[in-house]
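Step one of this worksheet: look at the structure below.
Protein chains in written order, with the numbering used here: chain B, 14 to 338; chain R, 9 to 285.
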């Protein structure tokens, strides 16, 4: 199989006080080496849960079904001891908040070297030398002096570069970045995104980028998955998704976003109602309660993904009417 | 409704910040070393007229939040003056400052951190009234219900706790709390950055509606240029405690003069792709 990552019919069931509840339903996508894929959605849509499922880091008591294949290996049902050999080794992770992702008590050289010692069996000095090369690759200024620095001695942007260096240490096949620039200033955000894009291109890794920011997605990924209520409601090439906005939710999300150049005092389009809880999703389309085009049939079952263009699918039974609305 | 800027000539401007400097002394690094200091603001001046909105943009460390604290009289400047309705806030005695505080209120960034989880909405929203005016229970409840109504919540919500609300609703509660003293000025420090896009739109619309209805003046601090462009009549760009550019948003964002403003604009993600779609 040529796919680097193939997720199909992924379902995550959480144990809640009212019994089991599906937090993720029918999630499927695949990516090849060098592909960049974005998961976009608002809080509680299940994008981070999807990332956690990939990395085998779901909360206690969560049941996973379906399939997550990383090259030839099935990750669903993999014992924890074997998952440890995948995580940080074949899948690298970059988290949102670089201050909490780093250990304040260890030097950054030691933290970068950790996975090299663990996964690759490198000796202390060899790991340190490799850590220095990694810091140079993520363009941390004065890398040699910074090996012995502690996280608090670095700025937010520099810390995020260190987190990226850790993620890259073992030469992963797949890089999962969950809101990697949300905590950073815009100019630093731009630098960090450029860096991630460049590293992905050079190494030919796959990039799964998770973000709530449409602009970040437009700049960074080739394919976009729009998530809502624990499922993918629209997926396709980024430009096609932006152009078509085939799902009513994609459309609402896009219209609600302030853009530079709107006349002062413009009222933004809003989506009435609120996001459903992941632990308490309706049976049918999760967007039904907030959708202007809703009909009874929407609530009966989760709509299937319909092809609306090349590689572009939407989970809405009324997608043909969306463009007219 | 106020006619924006019309009364600026006859009365003093609502808020006047004159050549404000703020220096923070840091702890000593060694026993006999002099205490290092950091200059958070270096000579900032601006005027804000009634019913207008002024946006402050800049990155972390630019002095935005320091400026908010000075305007709210939570700190006094090391040099310079903050004048509210013509009076220097640093020169007021404690009682006069307390009375003046009814005129300016603040909305904070994180509606999860800014509401006390153990207090009912009524207590949170009515607190400024109780403290500043010594209002009785019945009056507190009535005014709190009015404030909630203004932000689109129901009076039945008064007896709920913050955890029963979503992020956007919580930010509405925070705005209701700021509105209850009927202030002329609201200082909003990143009021929508913690909110999701669809909820952010609701809160931004609300803030604009309140301005139309009550003629509130906003000092709007944000790192998001698009939000500032939408809400503000005038924008100040702060860099390292100095104003590097100031002007109307349409001019500032379309023909930025200062290299820093140009850099900020160029860094806005997805400008080409998203704007065109």
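C-beta: ideal position from N, C-alpha, C; glycine also.
Q) residue 61 of chain B lies in the alpha helix (DSSP H); which residues open and close that run? A) Start at 1 with the first residue of the first chain, and residue 61 of chain B comes out as number 48. Taken as a continuous stretch (DSSP letters only), the alpha helix (DSSP H) holding residue 61 of chain B covers 60-67.
Q: Give the single residue among R:228, R:157 and R:176 whose Cα lies nearest to the Cα of residue 123 of chain R.
A: Mapped onto the second chain, residue 123 of chain R falls at position 115. Among R:228, R:157 and R:176, the Cα nearest to that of residue 123 of chain R is on R:176.
(Q) Can you list, in chain order, the residues of its chain with a C-beta nearer than 7 angstroms to that of residue 334 of chain B? Leave out the 5 residues immediately preceding and following it. (A) Position 321 of the first chain, counted from the first residue, corresponds to residue 334 of chain B. The answer, listed in chain order, is 306.
Q) With a cut-off of 8 angstroms, does the C-beta of residue 145 of chain R fall near any C-beta of chain B? A) Residue numbering aside, residue 145 of chain R sits at position 137 when the second chain is read from its first letter. So no, residue 145 of chain R is outside the interface.
Q | Cβ-based contacts, 7 angstroms cut-off: residues of the region 36-64 of chain B near chain R | A | 55 and 56
**Q.** Backbone secondary structure at residue 11 of chain R - three-state DSSP
**A.** Along the second chain, read from residue 1 onward, the residue named residue 11 of chain R stands at position 3. Low confidence applies here, because residue 11 of chain R scores a pLDDT of 45, under 50, leaving its location unreliable; read the following figure in that light. It is coil, neither helix nor strand.
Q | residue 193 of chain B to residue 318 of chain B span [Cα, whole Å] | A | The residue you call residue 193 of chain B lines up with position 180 of the first chain. The residue you call residue 318 of chain B lines up with position 305 of the first chain. If I take the Cα positions, the gap works out to 29 angstroms.
**Q.** Cβ pair count under 8 angstroms reaching 3, the region 190-203 of chain R against the region 262-269 of chain B
**A.** no
**Q.** Where residue 49 of chain B falls, given that 16 or more other Cβ within 10 Å makes a residue buried
**A.** Translated into the one-based positions of the first chain, residue 49 of chain B becomes position 36. Buried is the call here.
Q.
Quick check: is the beta carbon of residue 257 of chain R nearer than 8 angstroms to any beta carbon in chain B?
A. The count along the second chain starts at 1 and reaches residue 257 of chain R at position 249. Residue 257 of chain R counts as touching chain B.
Q | Expected contact under 8 angstroms - CB spacing of residue 74 of chain R and residue 48 of chain R to nearest Å | A | Along the second chain, read from residue 1 onward, the residue named residue 74 of chain R stands at position 66. Along the second chain, read from residue 1 onward, the residue named residue 48 of chain R stands at position 40. Going by Cβ atoms, the distance from residue 74 of chain R to residue 48 of chain R rounds to 4 angstroms, so yes, they are a contact pair.
(Q) Taking 7 angstroms as the limit between beta carbons, can you name the residues of its chain near residue 270 of chain B, skipping five residues before and five after? (A) The sequence position of residue 270 of chain B within the first chain is 257, counting from 1. Cβ neighbours of residue 270 of chain B beyond the five flanking positions: 227.
Q.
Using C-beta distances below 6 angstroms, list every residue in its chain close to residue 9 of chain B, excluding the 5 sequence neighbours before and after it, in chain order.
A. One cannot answer for residue 9 of chain B here, as it falls past the ends of chain B, which runs 14 to 338.
Q. Taking 8 angstroms as the CB-CB cut-off, is residue 305 of chain B touching chain R?
A. In the first chain, counting from the first residue as 1, residue 305 of chain B sits at position 292. Not an interface residue.
Q: Could you tell me which chain R residues have their CB closer than 7 angstroms to the CB of residue 200 of chain B, listed as they occur along the chain?
A: Locating residue 200 of chain B in the first chain gives position 187, where the first residue counts as 1. The contacting residues are 67, 271, 272 and 275.
Q) Taking just the CA atoms, how far does residue 140 of chain R sit from residue 96 of chain R? A) Locating residue 96 of chain R in the second chain gives position 88, counting from the first residue. Locating residue 140 of chain R in the second chain gives position 132, counting from the first residue. C-alpha separation (whole angstroms): 19 angstroms.
Q) In the region 223-250 of chain R, which residues sit with their C-beta less than 8 angstroms from some C-beta in chain B, listed in chain order? A) 231, 232, 233, 234, 235, 237, 238, 239, 240 and 241
Q) Are three or more beta carbon pairs between the region 291-305 of chain B and the region 272-283 of chain B nearer than 8 angstroms? A) no
**Q.** 8 angstroms Cβ cutoff, residue 281 of chain R in contact with chain B
**A.** The sequence position of residue 281 of chain R within the second chain is 273, counting from 1. Note that residue 281 of chain R scores 48 on pLDDT, short of 50, meaning its location in the model is unreliable; the coordinates nonetheless yield the value given after this. Cβ-Cβ to chain B under 8 angstroms: yes for residue 281 of chain R.
Q: Spell out a yes or no on whether the region 172-190 of chain B and the region 120-129 of chain B are touching, meaning 3 or more CB-CB pairs, one atom from each, closer than 8 angstroms.
A: yes
Q) By a C-beta neighbour count over all protein chains shown, 10 Å radius and 16 as the cutoff for buried, is residue 22 of chain B buried or exposed? A) For the purposes of this step, residue 22 of chain B is taken as the residue at position 9 of the first chain. With fewer than 16 other Cβ atoms within 10 Å, it is exposed.
Q) Using 8 angstroms as the threshold, is the region 186-200 of chain R in touch with the region 213-232 of chain R, meaning 3 or more CB pairs across them? A) yes
Q. How should residue 134 of chain R be labelled, buried or exposed, when 16 other C-beta atoms within 10 angstroms of its C-beta is the threshold for buried?
A. One-based indexing of the second chain puts residue 134 of chain R at position 126. Residue 134 of chain R is buried by the Cβ-count criterion.
Q.
Alpha carbons only, please: which of R:42, R:148 and R:274 is nearest the one belonging to residue 201 of chain B?
A. Against the first chain, residue 201 of chain B aligns to sequence position 188. Of the candidates R:42, R:148 and R:274, the one whose C-alpha sits nearest the C-alpha of residue 201 of chain B is R:274.
Q.
Quick check: does the Cβ of residue 32 of chain B come within less than 7 angstroms of any heavy atom belonging to the ligand ZN?
A. Judged by which ligands are present, the structure shown has none, so any question about the ligand ZN falls away.
Q. If you follow the alpha helix (DSSP H) that residue 96 of chain B is part of, which residue opens it and which one closes it?
A. Reading the first chain from its first residue, position 83 is the one you call residue 96 of chain B. Taken as a continuous stretch (DSSP letters only), the alpha helix (DSSP H) holding residue 96 of chain B covers 93-99.
Q: Just the C-alpha distance for residue 118 of chain B and residue 163 of chain B, rounded to the nearest angstrom, thanks.
A: Position 105 of the first chain holds residue 118 of chain B. Position 150 of the first chain holds residue 163 of chain B. Cα-Cα distance, rounded: 7 angstroms.
Q: State the Cα-Cα distance for the pair residue 11 of chain R and residue 57 of chain R, rounded to the nearest angstrom.
A: If you number the second chain from 1, residue 11 of chain R lands on position 3. If you number the second chain from 1, residue 57 of chain R lands on position 49. Because residue 11 of chain R carries a pLDDT of 45, less than 50, the predicted location of this residue cannot be relied on, and the following value inherits that uncertainty. Going by the C-alpha atoms only, they are around 10 angstroms apart.
Q) Which residues in the same chain as residue 332 of chain B place their Cβ atom closer than 8 angstroms to its Cβ, once the five residues preceding and following it in sequence are excluded? A) Numbered from 1 along the first chain, position 319 holds the residue referred to as residue 332 of chain B. Correct list, in chain order: 259, 260, 319 and 321.
(Q) What does the alpha-carbon distance come out to for the pair residue 309 of chain B and residue 109 of chain R? (A) The residue labelled residue 309 of chain B in the question sits at position 296 within the first chain. The residue labelled residue 109 of chain R in the question sits at position 101 within the second chain. Near 53 angstroms, if we compare the C-alpha coordinates of residue 109 of chain R and residue 309 of chain B.
**Q.** Residue-level contact to chain B via CB, residue 209 of chain R, 8 angstroms cutoff
**A.** Within the second chain, the letter at position 201 stands for residue 209 of chain R. With 8 angstroms as the cut-off, residue 209 of chain R counts as an interface residue toward chain B.
Q | Interface flag, residue 34 of chain R vs chain B, CB-CB below 8 angstroms | A | The sequence position of residue 34 of chain R within the second chain is 26, counting from 1. It does not: the Cβ of residue 34 of chain R has no partner Cβ on chain B nearer than 8 angstroms.
**Q.** residue 161 of chain B burial status per 10 Å Cβ neighbour count (16 or more: buried)
**A.** Here residue 161 of chain B refers to the residue found at position 148 when the first chain is read from its first residue. So residue 161 of chain B ends up on the exposed side.
Q) So with Cβ pairs under 8 angstroms, would you call residue 284 of chain B a contact of chain R? A) What you label residue 284 of chain B is simply residue 271 of the first chain in a count that begins at 1. Chain R contact via Cβ: present.
Q: Taking only beta-carbon positions, decide if residue 278 of chain R is within less than 8 angstroms of chain B.
A: Here residue 278 of chain R refers to the residue found at position 270 of the second chain. Yes, its Cβ sits closer than 8 angstroms to a Cβ of chain B.
Q) Which chain R residues sit within Cβ distance under 8 angstroms of residue 99 of chain B? A) Taking the first residue of the first chain as 1, we reach residue 99 of chain B at position 86. Per Cβ cutoff of 8 angstroms: no residues; residue 99 of chain B is ~31 angstroms from chain R at best.
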